[in-house]
Amino acid sequence: MATKSGAALNWGGLDKALGKATGKLGNTQALMESVGDALVSGTLKRFDAEEEPTGKKWPKSKRAAKEGGQTLTDKAFLRRSIDYAATPEKVMVGSNLPYARIHQLGGKTGKGHKVDMPARPYLGVSESDLDDVRAAMADFLAGAFKA
Numbered sequence: 071m072a073t074k075s076g077a078a079l080n081w082g083g084l085d086k087a088l089g090k091a092t093g094k095l096g097n098t099q100a101l102m103e104s105v106g107d108a109l110v111s112g113t114l115k116r117f118d119a120e121e122e123p124t125g126k127k128w129p130k131s132k133r134a135a136k137e138g139g140q141t142l143t144d145k146a147f148l149r150r151s152i153d154y155a156a157t158p159e160k161v162m163v164g165s166n167l168p169y170a171r172i173h174q175l176g177g178k179t180g181k182g183h184k185v186d187m188p189a190r191p192y193l194g195v196s197e198s199d200l201d202d203v204r205a206a207m208a209d210f211l212a213g214a215f216k217a
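Using my numbering, read the sequence shown as starting at 71 and increasing by one per residue.
See the structure below:
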């Protein structure tokens, strides 16, 4: 869903592998929804941990540093906007908020584009996410072979 804000990600071939597998397994809507749930869950965990999918910590926001709070969680609009859209062939995870892209990629923002906002990547696939996706796929395959 990040396409509305223009953020595109490299999922390390996971999206292509899932797409190929779907042609061989019949109706995979439930699998893709499970994958979407797993990826959204991982993204929300990154908000809680204030870290990128690689595990690197986000730069602290000025507000969070001043108030002793968390970055990107003051009102949590972006965090609450994270969702997925699934078809039998693919899953898209992201936000449709107009400012989602600037938080993911960083760049100039504010009045006159004078503020340099650091990137705080929240979308992507972590090692933990891959484990969760593998578990969802294993559950799906086990269910497909049940009599």
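The beta carbon of each residue, even a glycine, is placed where N, CA and C say it ideally should be.
Specify the secondary structure class of residue i as computed by DSSP and reduced to three states.
i    : result
T113 : helix
A155 : strand
K127 : strand
E121 : strand
K136 : helix
L84  : helix
A72  : Confidence at A72 is low in this model, with a pLDDT of 44, below 50, so its placement is unreliable and the value that follows should be read with caution. Here A72 sits in helix by DSSP.
L211 : helix
L142 : coil
G106 : helix
Ordered along the chain, which non-local residues of its own chain (more than five positions away) have a Cβ less than 7 Å from that of residue i?
i    : result
A134 : Q140, T141
F147 : L167
H183 : none
L114 : R149, I152
G176 : M187, P188, A189
T143 : F117, R149
K130 : T141
Give me, in chain order, the residues of the same chain whose beta-carbon lies closer than 8 Å to that of residue i; leave out the 5 immediate sequence neighbours on both sides.
i    : result
V185 : K178, T179
D85  : K160, V161
L200 : L84
Would you grab the beta carbon distance between residue i and residue j for me? Rounded to a whole angstrom, and I think it's under 8 Å.
i    : j    : result
W128 : E120 : 5 Å
V203 : I152 : Not confirmed; about 16 Å, so no contact.
S198 : G112 : 6 Å
A108 : F210 : A108 to F210, Cβ: 12 Å. No contact.
Ordered along the chain, which non-local residues of its own chain (more than five positions away) have a Cβ less than 6 Å from that of residue i?
i    : result
R190 : W128, H173
V105 : V161, V203, A206
S75  : In this predicted model, S75 has a pLDDT of only 48, less than 50, meaning its place in the structure is not dependable; the value taken from the coordinates is given anyway. Within the same chain, S75 has close Cβ partners A170, R171.
E103 : A156
E122 : P191
Take the Cβ of residue i as the centre, count every other Cβ of all protein chains shown within 10 Å, and call the residue buried at 16 or more, exposed below.
i    : result
G164 : buried
G194 : buried
R116 : buried
P188 : exposed
Subject >> beta strand (DSSP E) runs contained entirely in the segment 157 to 204, provided each spans 3 or more residues >> reply: 161 to 164, 177 to 179, 185 to 187
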